[in-house]
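J.:
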Amino acid sequence: MATTRRTFLRLLGGASGALAARLDVPPAFAQTGPVKIGVLAAKAGVTAPVGESGLRGTQFAVDRINAAGGILGRRIELVVEEESNPKDTVERFRKLGLQSRVDVITGVVSTGVGLAIGPVAEELKTLWLAWDATTQKGVEETMPKPRYSFRSVDNEAEAVMASILTAKHLKGKIKTVAGINNDYSYGRDNWAAFLAIMKKLEMGVTPVVDLWPKLGETNFTSHVAALGQARPDLIFCSFWSADAPILMKQAHAAGLTATTKFVMTTAGGVHESLKKAFTPEGMILGYNSMYFEAPNASPLLREFVRWHQERFKEWPNYESDHAYFTLAAYRAAVEKAARAAGGKWPSTDQIIEALEGIEVESLSGKRSYRADHVMECSFFQGLSTHRNKHDFVTIDPVEVMSTRQIQKPSGTGLYEWINSWKA
Amino acid sequence: MLGGVFHAAVLFLAAAGLQLVFGVQKILNLACGSFYALGAYFGVSLVTWALGAGAPPSLFLGILILSGVLLAAIGPPVERLLRTIYDRDESFQLLLTFALVLMFEDVIRFFWGTAPHQLGSVYLIYGQLKVGALTIPVYNLVVIAAGATIAAAVGWLLTRTRFGRLVRAAAENPRMAEALGIDLPRLYSRVFTLGVALGTVGGALVIPATAAMNEMGIELIVEAFAVVVIGGLGSMRGAFAGALIVGVLKAVAIAIYPELEMLGIYVIVIAVLVLRPAGLFARAAA
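Here the protein sequences come in this chain order: P and E. Following the working numbering, the numbering of the first sequence begins with 7 at its first residue and continues without gaps. Following the working numbering, the numbering of the second sequence begins with 149 at its first residue and continues without gaps.
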């Protein structure tokens with residue numbers, strides 16, 4: 007039969023009618039198939055390894071949850087999209103929420119991207135559990151009281167802990183300090199927090215030079231020369247990507263590691279690249295919120311490390327744990343809210359209420375969400391050592407601090423909080 | 149200061165590749181940064197493999213240079229692709245070579261993953277030099293010397309050999325050169341491959357002192373363009389002088405007033421664009 011104009015119009019009308027009907031259906035139909043979880047993970051640029059680490063933690067969590075029967079009997083299905091610049095990532099967030107109709111979105115490590123997504127999550131009423139993306143300034147100013155966003159730990163918590171450890175190990179032993187940090191909010195905030203704490207803890211140190219290479223720099227020979235000239239007793243550095251081993255390598259080659267103490271707040275994120283050949287012992291080294299060889303590692307962490315090593319031939323880092331936690335917390339919150347709702351799949355509002363204050367076992371131990379949607383967890387740092395079976399440094403002793411001690415409490419500013427410490 | 153010269157040496161190699169190709173083929177090749185990144189990754193892999201197979205560590209410099217030269221084999225096929233747009237508008241060239249940048253990023257991710265790659269312990273094999281309170285890794289001097297040698301060799305090749313005369317003729321007037329019997333496609337292919345080799349060798353040479361990461365190519369393109377603008381597009385001597393200016397200026401800024409590290413370079417770029425838009429060495433084409 008040839009399609010006449012009339013049959014075509016009828017077809018068109020029918021199709022649009024069906025489409026309209028479908029839009030009218032409440033999301034009830036989504037409660038029987040798999041739970042769709044959207045993930046925004048960086049795949050290119052400096053944050054690519056971080057995004058990859060988050061995806062690995064996500065995969066491990068999904069495999070476990072699905073093997074145990076899913077969430078309330080529904081299997082998890084992942085819809086992975088790329089985190090890139092704020093504008094494009096916001097579009098992908100919308101696509102996940104509106105087109106893929108996911109139940110929840112996890113991911114995002116860049117604060118700039120996170121700040122753009124926050125308002126969109128509120129607008130779409132889409133639940134977003136961030137992996138990272140929480141430097142001070144922007145978050146304080148633009149995301150004061152989110153409802154649909156659950157945030158990560160303050161990015162500066164590692165600088166706070168490293169500063170406390172600096173005071174513990176080096177008080178009275180250092181007089182001059184130098185900073186080398188990336189030229190963006192994270193680097194600037196870390197250096198400012200370090201100096202504020204040095205002052206608060208009456209360390210009596212003078213900053214002699216602060217250097218601001220851009221993120222992604224791969225040549226620090228000139229920076230190392232400037233540091234060598236300033237001859238500080240201690241160098242404070244918040245590098246977290248390939249720049250950390252490059253700086254150590256070039257500092258070592260210029261003889262700087264022999265004379266100067268180092269604090270690397272976050273280089274544990276690329277711990278395998280900190281080879282013994284150029285990384286000194288006795289450096290304060292931070293692993294953020296998960297240390298792969300924690301002395302009291304839980305069976306869960308041991309299993310994850312084994313899985314990670316077998317699958318990727320690498321030892322895991324913290325971003326896997328941020329990602330694992332968001333899924334474990336979501337599952338626990340759904341189950342808790344369902345119990346309260348008489349066994350039915352809970353609404354987003356009910357899940358949000360259940361997430362507030364929830365505590366679950368994550369890879370690194372117990373982690374929770376505060377009532378103001380900020381994560382609580384433990385941080386792992388220590389003094390670098392060469393005494394291990396690897397070709398890279400690890401830490402011994404391992405110091406553990408809770409974010410209750412190193413993260414600003416709800417409702418205060420970072421520096422206001424630091425200045426309120428009792429000496 | 150020496151740090152700046154070290155940086156300049158690497159920058160020169162990449163910028164020289166860009167200049168050579170632009171000077172002859174009139175293609176603004178953004179992918180020169182990708183060749184640099186590929187050279188770095190390939191260098192790490194080849195040296196790691198060679199050392200694992202029992203090669204003496206002190207030979208690593210030769211292996212690195214060899215890896216850069218071997219990798220230049222990707223030159224002819226890439227040039228064959230670019231040949232389709234020689235006569236098109238510059239925006240097509242930029243789009244296509246930028247597409248190549250993105251594709252090479254994926255190639256790197258496919259073969260080497262996202263984690264940084266490095267050569268752990270060969271950096272200090274040639275020892276350190278102590279000058280007063282300063283300690284300088286000898287390898288940095290080796291790279292500087294290699295950069296200078298390659299600059300001299302390319303200069304000799306372009307001005308003193310038959311190949312150089314053909315290249316300069318083709319750069320000056322390709323139609324006339326072709327009319328006089330120069331096999332232009334073949335010449336372009338060889339010139340482009342030489343340009344690729346400058347980038348890949350640069351990437352391979354720098355790797356013992358640093359780590360290979362995927363975005364290192366894009367980082368370098370930005371600086372290479374500053375070099376090219378300062379030196380003058382298409383000029384080899386311009387690339388040499390521009391690289392030195394950028395490298396040393398950066399080092400001086402870091403030593404004196406670190407906040408100027410990035411700004412200083414662009415102030416010079418703006419000054420050159422305003423006062424001498426064609427660059428410092430604009431006349432000495434190729």
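Note that the Cβ used here is the ideal one computed from N, Cα and C, for glycine as well. This structure is a prediction, so every number in the text was calculated from the model and none was measured.
State the Cα-Cα distance for the pair P:Leu217 and P:Glu278, rounded to the nearest angstrom.
T.: Approximately 25 Å between the Cα atoms of the pair.
J.: Between E:Val415, E:Ala185 and E:Val339, which has its C-alpha nearest E:Leu314's C-alpha?
T.: Out of E:Val415, E:Ala185 and E:Val339, E:Val339 has the C-alpha closest to the C-alpha of E:Leu314.
J.: According to DSSP, is P:Thr400 helix, strand or coil?
T.: Three-state result, P:Thr400: strand.
J.: Of the residues P:Trp134, P:Arg80, P:Trp197 and P:Asp138, which one's Cα is nearest the Cα of P:Gly118?
T.: Cα-wise, what sits closest to P:Gly118 is P:Asp138.
J.: Is any heavy atom of the ligand NAP found at a distance shorter than 7 Å from the C-beta of P:Val340?
T.: With respect to the ligand NAP, the structure offers nothing, as it holds no ligand at all.
J.: I need the straight-line Cα distance from E:Leu328 to E:Pro322, nearest angstrom please.
T.: Approximately 10 Å between the Cα atoms of the pair.
J.: Can you have a look at E:Met251 and say buried or exposed, based on whether 16 or more other CB atoms are within 10 angstroms of its CB?
T.: With fewer than 16 Cβ atoms within 10 Å of its Cβ, E:Met251 is classed as exposed.
J.: Mind pulling the chain P residues with CB within less than 9 Å of E:Gln276?
T.: Going along chain P in sequence order, the residues near E:Gln276 (Cβ under 9 Å) are Ala259, Ala260 and Gly261.
J.: Show which residues of chain E have a CB atom less than 7 Å away from the CB atom of P:Val52.
T.: Residues of chain E passing the Cβ test: Glu363.
J.: What's the call for E:Tyr271, buried or exposed, on a 16-neighbour Cβ count within 10 Å?
T.: Buried, by the Cβ-count rule.
J.: Compute the beta-carbon to beta-carbon distance between P:Thr140 and P:Asp160, rounded to the nearest angstrom, for a pair I have assumed lies under 8 Å.
T.: Their Cβ separation, rounded to whole angstroms, is 6 Å, which keeps P:Thr140 and P:Asp160 in contact under 8 Å.
J.: Looking only at its chain, what residues have a beta carbon closer than 7 Å to the beta carbon of E:Glu326, apart from the 5 residues adjacent to it on each side?
T.: Correct list, in chain order: Leu332.
J.: What does a CB cutoff of less than 7 Å around E:Gly275 pick up in its chain, not counting 5 residues either side in sequence?
T.: Here the set comprises Val286.
J.: Out of P:Pro152, P:Ile401 and P:Ile111, which has the shortest C-alpha to C-alpha gap to P:Leu133?
T.: Out of P:Pro152, P:Ile401 and P:Ile111, P:Ile111 has the C-alpha closest to the C-alpha of P:Leu133.
J.: Determine which residues share a DSSP beta bridge with E:Ala360 and list them.
T.: Answer by DSSP bridge pairing, in chain order: E:His265.
J.: What is the DSSP secondary structure of P:Asp249, counted as helix, strand or coil?
T.: Looking at P:Asp249 - three-state DSSP - the assignment turns out to be helix.
J.: Distance cutoff 8 Å, beta carbons only. Does E:Pro204 sit that close to anything in chain A?
T.: Note that chain A does not occur in the displayed structure, where the protein chains are P and E.
J.: Quick one: list the residues of chain E neighbouring P:Glu88, beta-carbon separation under 7 Å, in chain order.
T.: The contacting residues do not exist; P:Glu88 stays about 12 Å from chain E at best.
J.: What's the gap between the Cα of E:Glu371 and the Cα of P:Ile241?
T.: Those two C-alpha atoms are separated by around 27 Å.
J.: To the nearest angstrom, how far is the alpha carbon of E:Val420 from that of P:Arg98?
T.: Distance between the alpha carbons of E:Val420 and P:Arg98 is about 41 Å.
J.: Please list the residues of the region 221 to 255 of chain E that have a C-beta atom closer than 9 Å to any C-beta atom in chain P, keeping them in chain order.
T.: Flagged, chain order: Leu250, Glu253 and Asp254.
J.: Closest Cβ-Cβ distance between E:Gly268 and chain P: below 8 Å?
T.: So yes, E:Gly268 belongs to the interface.
J.: Less than 7 Å between C-beta atoms, sequence neighbours within five positions excluded: which residues of the same chain meet that for E:Pro224?
T.: Answer for E:Pro224: Ser337 and Thr341, listed in chain order.
J.: Helix, strand or coil for E:Ile330 per DSSP?
T.: The answer is coil: DSSP assigns E:Ile330 none of H, G, I, E or B.
J.: Do the region 167 to 180 of chain E and the region 409 to 416 of chain E touch if we need at least three Cβ pairs shorter than 8 Å?
T.: Not touching, per the Cβ criterion.
J.: Going by CA-CA distance only, name the one from P:Val96, P:Glu164, P:Ala136 and P:Arg80 that's closest to P:Met270.
T.: Ranking P:Val96, P:Glu164, P:Ala136 and P:Arg80 by Cα distance to P:Met270 puts P:Glu164 first.
J.: Here's the rule I'm using: 16 or more other beta-carbon atoms within 10 Å means buried, otherwise exposed. How should E:Thr297 be labelled?
T.: Looking at its Cβ environment, which holds fewer than 16 other Cβ atoms inside 10 Å, E:Thr297 is exposed.
J.: Have a look at P:Phe298 and P:Gly274 and give me their C-alpha separation to the nearest angstrom.
T.: Cα-Cα distance, rounded: 10 Å.
J.: Where does P:Trp134 sit, in a helix, a strand or coil, going by DSSP?
T.: Strand at P:Trp134.
J.: Give me the Cα-Cα distance between E:Val291 and E:His155, rounded to the nearest whole angstrom.
T.: Answer to the nearest angstrom: the Cα atoms are 9 Å apart.
J.: If you draw a straight line from the C-alpha of P:Asp30 to the C-alpha of P:Ala338, how long is it?
T.: Any reading at P:Asp30 needs caution, since the residue's pLDDT is 43, under 50, leaving its predicted position unreliable; the model's value is listed next. About 30 Å.
J.: If you draw a straight line from the alpha carbon of E:Val400 to that of E:Gly280, how long is it in whole angstroms?
T.: Cα-Cα distance, rounded: 20 Å.
J.: Looking at C-beta atoms only, is the number of pairs between the region 224 to 233 of chain P and the region 257 to 271 of chain P that lie closer than 8 Å three or more?
T.: Contact holds: three or more Cβ-Cβ distances are below 8 Å.
J.: Using the C-alpha atoms, what's the distance from E:Gly390 back to E:Met149?
T.: Approximately 16 Å between the Cα atoms of the pair.
J.: DSSP on P:Ala24, reduced to helix/strand/coil?
T.: In this predicted model, P:Ala24 has a pLDDT of only 46, less than 50, meaning its place in the structure is not dependable; the value taken from the coordinates is given anyway. In this structure, P:Ala24 counts as helix in the three-state DSSP scheme.
J.: Just how far apart, CA to CA, sit P:Val85 and P:Leu306?
T.: P:Val85 and P:Leu306: Cα-Cα distance of roughly 25 Å.
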